[in-house]
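**Student:**
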Amino acid sequence: MVLFRLRRWPKELDSQFDCQEFGEFKSGYRAMNISVLGPPGCGKGTQAKLLAAHFGLKHFSLGETLRSEIERSTVLGEKTQSYVRHGKLVPEEIVLEVFESFVTNNNPSRGFVLDGYPRTLTQAKALDKVLDLSAVALFEVSEEDVLARAEGRVIDAQGHSYHLTKNPPPPGVIVKTREDDRPEIVRERFHEFCRDILPIAKRYRERGLLTPVDAGGSIGAVLDQLLGKLGETNGQRLRKQATQLQSPLPQAIEQKRRNQ
Numbered sequence: 088m089v090l091f092r093l094r095r096w097p098k099e100l101d102s103q104f105d106c107q108e109f110g111e112f113k114s115g116y117r118a119m120n121i122s123v124l125g126p127p128g129c130g131k132g133t134q135a136k137l138l139a140a141h142f143g144l145k146h147f148s149l150g151e152t153l154r155s156e157i158e159r160s161t162v163l164g165e166k167t168q169s170y171v172r173h174g175k176l177v178p179e180e181i182v183l184e185v186f187e188s189f190v191t192n193n194n195p196s197r198g199f200v201l202d203g204y205p206r207t208l209t210q211a212k213a214l215d216k217v218l219d220l221s222a223v224a225l226f227e228v229s230e231e232d233v234l235a236r237a238e239g240r241v242i243d244a245q246g247h248s249y250h251l252t253k254n255p256p257p258p259g260v261i262v263k264t265r266e267d268d269r270p271e272i273v274r275e276r277f278h279e280f281c282r283d284i285l286p287i288a289k290r291y292r293e294r295g296l297l298t299p300v301d302a303g304g305s306i307g308a309v310l311d312q313l314l315g316k317l318g319e320t321n322g323q324r325l326r327k328q329a330t331q332l333q334s335p336l337p338q339a340i341e342q343k344r345r346n347q
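For our numbering, add 87 to where a residue sits in the sequence shown, where the first one is 1.
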């Protein structure tokens, strides 16, 4: 996975390489955008943040964004409060507004990890208009595992998730249980996800972007599996990009050194 660490064109190289060849190479480079999907409690939030840190990408979580708006009692928070706390899907127009604002306020050339987005086919179609996905990781886990994980899940004031036994919070950190982690709500959200994900999975599978991930293991095991699969099945576009980065960039750097 070392080849994927250069996720965007380094600005410091602009002053060093001004030849036509590098202009064409740079213009053809595209940011890496990864979507991480899965039912509630599958661990996608933790893995999405680890992926973002690993690749140096910007992390987006619709759930965390909405919960933050609710905590701050914003206009958007008031609109979404009843939906989030009862485990209901937030209306499409609000979700699209939140995501559009996120993309507008962040540089797309940096690349994104989309945590739990898109949730519906409408969102997936809207996403296609603003971002070019590199891969879509679909976390697979049983309903029983989801219920067990939700039982011990807590969050801190910043929205960071922990599990009281598997991933406990640091000493002194104040945490609380999420209101939408009640068993009856988790069950409803699980079945809702299983229903809504079918057309989305079909869409990305047909494009060769979908990567199923067994989310039943430890955090480290799931991350290793995820990184491996991103470099295998659905990594064709990433590997092509990485090959481009691996070949002309070092050659040109070496050539410049010889000419100095």
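From the three backbone atoms N, C-alpha and C, an ideal C-beta is built for every residue, glycine too. What you are looking at is a predicted structure, and each value in this text was computed from that prediction instead of being measured.
For the structure I just gave you, are there three or more beta carbon pairs, one from the region 242-260 and one from the region 216-225, closer than 8 Å?
**Tutor:** Contact between the region 242-260 and the region 216-225 is absent, because fewer than three Cβ pairs lie under 8 Å.
**Student:** Helix, strand or coil for R292, going by three-state DSSP, please let me know.
**Tutor:** Looking at R292 - three-state DSSP - the assignment turns out to be helix.
**Student:** What residues are listed by DSSP as bridge partners for F147?
**Tutor:** Note: F147 sits in a beta bridge opposite L201.
**Student:** Tell me whether the beta-carbon of A302 lies closer than 7 Å to the beta-carbon of G128.
**Tutor:** The answer is no: Cβ separation not under 7 Å.
**Student:** By Cβ distance, which residues of its chain are closer than 8 Å to I181, with the 5 residues on each side in sequence left out?
**Tutor:** So the list reads L163, K166, T167, once near-sequence residues are dropped.
**Student:** I'd like to know whether the C-beta atoms of V200 and I287 end up nearer to each other than 7 Å.
**Tutor:** Not in contact: V200 and I287 (Cβ atoms no closer than 7 Å).
**Student:** Taking just the CA atoms, how far does E266 sit from N254?
**Tutor:** Roughly 19 Å between the two C-alpha positions.
**Student:** With DSSP run on the structure shown, which of helix, strand or coil describes L218?
**Tutor:** Three-state DSSP puts L218 in coil, outside helix and strand.
**Student:** Less than 7 Å separating the beta-carbons of F277 and E230?
**Tutor:** It is a contact, given that the beta carbons lie within the stated cut-off.
**Student:** In terms of DSSP beta bridges, what is V223 paired with?
**Tutor:** BP columns for V223 point to S122, L297.
**Student:** Whole angstroms are fine: how far does the CA of L234 sit from the CA of L153?
**Tutor:** So the two alpha carbons sit approximately 22 Å from each other.
**Student:** For R197, which residues in the same chain have their Cβ closer than 7 Å to its Cβ, ignoring the five residues on either side in sequence?
**Tutor:** Hits under 7 Å: R95, A118, L144, K145.
**Student:** Would H173 be called buried (16 or more neighbouring beta carbons within 10 Å of its own) or exposed?
**Tutor:** With fewer than 16 Cβ atoms within 10 Å of its Cβ, H173 is classed as exposed.
**Student:** What does V262 pair with, by DSSP beta-bridge criteria?
**Tutor:** Paired residues: D243.
**Student:** Between A135 and D202, which are expected to be in contact by the criterion C-beta below 8 Å, what is the C-beta distance as a whole number of angstroms?
**Tutor:** Rounded, the Cβ-Cβ distance is 4 Å, consistent with contact.
**Student:** Going by other Cβ atoms of all chains shown within 10 Å of its Cβ, with 16 needed for buried, is E271 buried or exposed?
**Tutor:** Label assigned to E271: exposed.
**Student:** Can you check DSSP and say which residues form a bridge with H250?
**Tutor:** DSSP output for H250 lists R240, N254 as bridge partner(s).
**Student:** Looking at C-alpha atoms only, which residue of A140, L149, F142, T191 is the closest neighbour of E179?
**Tutor:** For the residues A140, L149, F142, T191, the minimum Cα distance to E179 belongs to L149.
**Student:** Three-state secondary structure (DSSP) at G315?
**Tutor:** The answer is helix: DSSP assigns G315 an H, G or I state.
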